[in-house]
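This report refers to the structure that appears directly beneath it.
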Amino acid sequence: MSAKIEVKNLVKVFGSQPRKALSMIEKGMSKEQILAETGQTVGVNDVSFTVETGEIFVVMGLSGCGKSTILRCLNRLIEPSSGSVLIDGQDITKLKARELRMVRQNKTAMVFQQFALLPHRTVLHNTVYGLEVQGVPKEQREKRARESLAMVGLNGWENSYPDELSGGMKQRVGLARALTNDPDILLMDEAFSALDPLIREEMQDELLKLQQAMNKTIVFITHDLSEALKIGDRIAFVRDGSLVQVSSPEDIINHPADAYVANFVRGVERSKVLLAKDVMGDTGSITLSDELGKAIQVMEEGGAAGVFVIDRDSRLQGVLTSETVFKAIKAGAVSIRELELIQVSAVSVETKIQEVINIIARSKLPLAVVDNENRLAGSIVHSAVLAALAGKGGEEDVPTTNWTTG
Amino acid sequence: MYRLPIGQLVNGGVQWLLEHYGHAFDVFSGSIAHLVDGFRTGLAWIPWWALILLVIVLAWRSEGWRLALGSAFGLLLIYNLSLWPAFLDTLVLVIIAALVSIVLGVPIGIVAAYSSRFHRIMSPILDFMQTMPSFVYLIPALMFFGLGTVPAVFATVVFAMPPAIRLTNLGIRQVPVDLVEVGEAFGSSPVQLLWKIQLPVAMPTIMAGINQTMMLSLSMVVIAAMIGAGGFGAGVLAGISQMDIGKGFENGLAVVILAMILDRLSQGFIRNTRTADKKK
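Going line by line, the protein sequences match chains R and S.
Residue 331 in our numbering sits at position 331 of the first sequence, with consecutive numbering throughout.
Residue 648 in our numbering sits at position 242 of the second sequence, with consecutive numbering throughout.
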């Protein structure tokens with residue numbers, strides 16, 4: 001991955017004398033001091049971050065914290081007071097009006113909180129807007145608009161007017177309008193906040209699905225933590241115009257940077273956020289070609305009554321319990337290949353704990369966790385899940401696999 | 407106490423303008439008169455029933471059969487009262503005044519919406535135009551443009567244009583911020599932003615202003631008639647001076663009929679543009 005957007009020391013001061021406020025920021029004075037002395041409001045206070053190509057970068061914060069201002073500085077709908085915004089290495093804060101228009105036409109597209117559909121245009125004519133201002137011929141732009149309308153599931157609504165659509169459909173048009181431009185970067189300003197909870201979840205799923213196919217770079221603003229955790233590859237927490245923490249959803253939950261974030265995260269349904277890889281422990285394993293003695297040795301080391309068996313490529317073959325092993329030894333067997341393995345299901349490292357609970361509840365055995373290439377990566381025991389849900393998560397104190405059978 | 411010589415200054419100014427630019431005013435007046443006369447002759451060339459038919463079709467398409475029926479009834483009544491030539495005179499005056507108001511007023515309103523400083527300068531001027539008694543500028547208008555339709559158009563425009571300016575300004579200022587942001591975020595040029603977003607979104611408000619302009623210009627017909635514009639106003643004046651109340655009433659009624667038709671037609675126009683877009 002490479003950096004698509006680089007924001008360096010971004011500052012936005014609202015007021016008539018931004019210079020004065022800027023020099024005070026450099027001296028390290030607080031927002032409150034600056035407001036009291038100059039009457040200037042610091043909207044964005046020295047913010048730096050990088051957005052990688054193809055990632056969904058969520059900017060999260062309460063209303064009025066400056067997150068929408070940050071987003072609007074990325075395409076200069078709001079003029080930054082200082083700092084730089086690099087898109088593909090090009091500093092857009094230094095562009096002239098015409099060059100800026102080119103960037104807005106070709107690289108970025110925006111989706112708005114209140115949909116912002118043009119009321120005098122049909123769905124189709126709303127969707128072609130971006131290409132229309134670029135001067136793309138009518139036939140071609142309408143073809144592409146129809147394609148993106150189909151992508152968001154709005155075939156057949158081309159000739160309707162915005163006021164004939166429901167909120168969810170309006171935002172689909174907003175999304176289609178942005179996608180028609182085929183931008184590298186989607187800027188989404190609280191795009192789903194105005195929707196009903198059910199529709200909102202539907203749109204989030206839809207966005208994730210589309211993103212798998214499109215692989216755009218998305219900067220998504222929200223005040224809804226569960227939304228941020230659900231769709232974000234990384235989350236930037238903003239408070240009072242400053243970045244508090246930038247990290248993955250799991251890290252936000254497990255290692256909040258300060259009391260503010262921790263307070264936010266407290267009410268989160270952890271099962272929807274934590275992944276199998278966050279709660280799994282290391283597990284011993286043996287290969288099919290090992291001798292039976294090795295199986296007993298591994299079980300003893302782990303203090304367990306069973307062991308995962310893998311093949312030469314680390315692919316899970318099944319589980320061998322101590323019972324089976326001892327019976328086999330009595331019967332005079334030597335090789336593991338001769339034995340019957342208990343077949344167990346495995347989950348991917350990316351599985352949400354919510355689903356893990358469903359599987360693990362029906363089984364007494366530890367749950368095997370495999371990586372993307374189907375190789376055994378670890379295992380999850382019941383107590384690890386409980387510990388994680390109770391908020392004691394974190395790799396250090398996850399209990400290691402402890403076999404109990406029978 | 408020293409008395410400010412405002413009156414003398416105005417007198418002097420008018421005299422100075424007449425002496426130095428009198429000829430220019432004559433040329434200007436002549437060309438406008440030519441235009442108005444051409445328009446009037448063209449309208450007179452259309453048979454009365456064809457014009458009524460045209461209005462009926464327009465009314466039917468924009469608002470439906472009720473307005474079509476009402477318009478037909480009203481116009482036939484005007485024809486029946488032998489007011490057809492007066493109707494054409496007044497129609498020409500109103501249309502020319504409305505056109506001039508739109509052509510001047512809408513751009514001025516746009517500039518006012520973009521520049522708050524210009525808006526501040528414009529506001530008192532508009533107050534002047536709307537509230538200064540029209541007789542005050544009718545006399546100098548007569549001196550500059552001579553008797554006839556041209557000073558009438560001038561006086562009507564002065565009185566009727568402000569709503570077009572004010573409501574254009576208001577309409578554009580009221581375009582929701584996020585729609586303007588859409589324009590900018592998708593890389594529109596300022597001209598595209600104006601044409602594709604601000605003006606269309608502001609159009610209902612602008613049309614309300616143009617509608618008001620037409621209504622106000624109709625209310626000027628009597629005053630316009632005093633300086634030789636003809637039309638229904640002349641009929642009303644004649645009725646008053648001859649103590650012929652019935653004649654005055656007939657002409658007044660005709661003004662009302664014309665006003666109602668123009669009002670409903672222009673209101674229907676907005677709904678019409680919308681359905682037109684749908685059919686495309």
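Yeah, the Cβ is synthetic: ideal placement off N, Cα and C, and Gly gets one too.
Boundaries of the alpha helix (DSSP H) in which residue i is found, first to last residue
{"i": "residue 434 (chain S)", "result": "412-451"}
{"i": "residue 509 (chain S)", "result": "490-520"}
{"i": "residue 476 (chain S)", "result": "471-486"}
{"i": "residue 587 (chain S)", "result": "583-591"}
{"i": "residue 78 (chain R)", "result": "Unbroken run through residue 78 (chain R): none, as it is neither H nor E."}
{"i": "residue 245 (chain R)", "result": "Where residue 245 (chain R) is concerned, there is no enclosing alpha helix (DSSP H), although the beta strand (DSSP E) it sits in stretches over 242-247."}
{"i": "residue 143 (chain R)", "result": "138-151"}
{"i": "residue 336 (chain R)", "result": "First-last for residue 336 (chain R): undefined, no H or E at that position."}
Nearest-angstrom beta carbon gap, residue j and residue i [assumed within contact, 8 Å]
{"i": "residue 245 (chain R)", "j": "residue 257 (chain R)", "result": "4 Å"}
{"i": "residue 61 (chain R)", "j": "residue 14 (chain R)", "result": "17 Å between Cβ atoms; not a contact."}
{"i": "residue 229 (chain R)", "j": "residue 109 (chain R)", "result": "Going by Cβ atoms, the distance from residue 229 (chain R) to residue 109 (chain R) rounds to 25 Å, so no, they are not a contact pair."}
{"i": "residue 660 (chain S)", "j": "residue 484 (chain S)", "result": "5 Å"}
{"i": "residue 636 (chain S)", "j": "residue 503 (chain S)", "result": "Going by Cβ atoms, the distance from residue 636 (chain S) to residue 503 (chain S) rounds to 14 Å, so no, they are not a contact pair."}
{"i": "residue 325 (chain R)", "j": "residue 342 (chain R)", "result": "About 12 Å separates the two Cβ atoms, so there is no contact after all."}
Contact with chain S by residue i, beta-carbon distance below 9 Å
{"i": "residue 133 (chain R)", "result": "yes"}
{"i": "residue 260 (chain R)", "result": "no"}
{"i": "residue 109 (chain R)", "result": "yes"}
{"i": "residue 136 (chain R)", "result": "no"}
{"i": "residue 95 (chain R)", "result": "no"}
{"i": "residue 171 (chain R)", "result": "no"}
{"i": "residue 75 (chain R)", "result": "yes"}
{"i": "residue 181 (chain R)", "result": "yes"}
{"i": "residue 112 (chain R)", "result": "yes"}
{"i": "residue 106 (chain R)", "result": "yes"}
{"i": "residue 395 (chain R)", "result": "Below a pLDDT of 50, predicted positions are generally treated as unreliable, and residue 395 (chain R), at 44, falls in that range; the measurement from the model is reported next regardless. Chain S contact via Cβ: absent."}
{"i": "residue 119 (chain R)", "result": "yes"}
{"i": "residue 376 (chain R)", "result": "no"}
{"i": "residue 103 (chain R)", "result": "yes"}
{"i": "residue 116 (chain R)", "result": "yes"}
{"i": "residue 149 (chain R)", "result": "no"}
{"i": "residue 54 (chain R)", "result": "no"}
{"i": "residue 64 (chain R)", "result": "no"}
{"i": "residue 398 (chain R)", "result": "Low local confidence applies: a pLDDT of 46 at residue 398 (chain R) is under 50, so the model's placement there is unreliable, and no value is given."}
Any C-beta of chain R under 9 Å from that of residue i
{"i": "residue 603 (chain S)", "result": "yes"}
{"i": "residue 607 (chain S)", "result": "yes"}
{"i": "residue 594 (chain S)", "result": "yes"}
{"i": "residue 436 (chain S)", "result": "no"}
{"i": "residue 684 (chain S)", "result": "Reliability fails at residue 684 (chain S), whose pLDDT of 48 lies under 50, so the model's placement of it is uncertain and the value that follows must be treated cautiously. Closer than 9 Å to some Cβ of chain R, the Cβ of residue 684 (chain S) qualifies, so yes."}
{"i": "residue 495 (chain S)", "result": "no"}
{"i": "residue 585 (chain S)", "result": "yes"}
{"i": "residue 614 (chain S)", "result": "no"}
{"i": "residue 598 (chain S)", "result": "yes"}
{"i": "residue 635 (chain S)", "result": "no"}
{"i": "residue 639 (chain S)", "result": "no"}
{"i": "residue 439 (chain S)", "result": "no"}
{"i": "residue 591 (chain S)", "result": "yes"}
{"i": "residue 512 (chain S)", "result": "no"}
{"i": "residue 662 (chain S)", "result": "no"}
{"i": "residue 563 (chain S)", "result": "no"}
{"i": "residue 509 (chain S)", "result": "no"}
Residue range of the beta strand (DSSP E) that includes residue i
{"i": "residue 189 (chain R)", "result": "185-189"}
{"i": "residue 367 (chain R)", "result": "367-370"}
{"i": "residue 239 (chain R)", "result": "234-239"}
{"i": "residue 94 (chain R)", "result": "No beta strand (DSSP E) contains residue 94 (chain R), which DSSP labels as neither H nor E."}
{"i": "residue 387 (chain R)", "result": "Segment 382-387 is the alpha helix (DSSP H) holding residue 387 (chain R); no beta strand (DSSP E) there."}
{"i": "residue 308 (chain R)", "result": "306-310"}
{"i": "residue 607 (chain S)", "result": "Taken as a continuous stretch (DSSP letters only), residue 607 (chain S) belongs to no beta strand (DSSP E), being part of the alpha helix (DSSP H) at 605-624."}
{"i": "residue 299 (chain R)", "result": "Taken as a continuous stretch (DSSP letters only), residue 299 (chain R) belongs to no beta strand (DSSP E), being part of the alpha helix (DSSP H) at 292-302."}
{"i": "residue 318 (chain R)", "result": "316-321"}
{"i": "residue 109 (chain R)", "result": "108-111"}
Chain A within 9 Å of residue i, Cβ atoms only
{"i": "residue 469 (chain S)", "result": "Of the chains in the structure shown, none is chain A; the protein chains are R and S."}
* In chain order, which continuous runs of the alpha helix (DSSP H) of length 4 or greater are located wholly inside the segment 17-57 of chain R? -> 18-26, 31-38
* Give, in chain order, every unbroken run of the beta strand (DSSP E) that is at least 3 residues long and sits entirely within the segment 628-678 of chain S. => none
* Are the segment 26-39 of chain R and the segment 203-217 of chain R touching, with three or more C-beta to C-beta distances below 8 Å? -> no
* To do: Flag this pair as touching only if the segment 580-591 of chain S and the segment 529-545 of chain S have three or more C-beta atom pairs under 8 Å; answer yes or no.
  => no
* Asked: At what residue ranges does the segment 178-223 of chain R contain a whole run of the alpha helix (DSSP H), taking only runs of 4 or more?
  -> 197-214
* To do: Would you list, in sequence order, the uninterrupted alpha helix (DSSP H) runs of no fewer than 4 residues that lie entirely inside the segment 257-290 of chain R?
  => 259-266, 276-279
* Between the segment 14-33 of chain R and the segment 187-199 of chain R, do three or more beta carbon pairs fall short of 8 Å? -> no
* To do: Could you say if the segment 173-182 of chain R and the segment 108-128 of chain R meet the contact criterion of at least three C-beta pairs nearer than 8 Å?
  => yes
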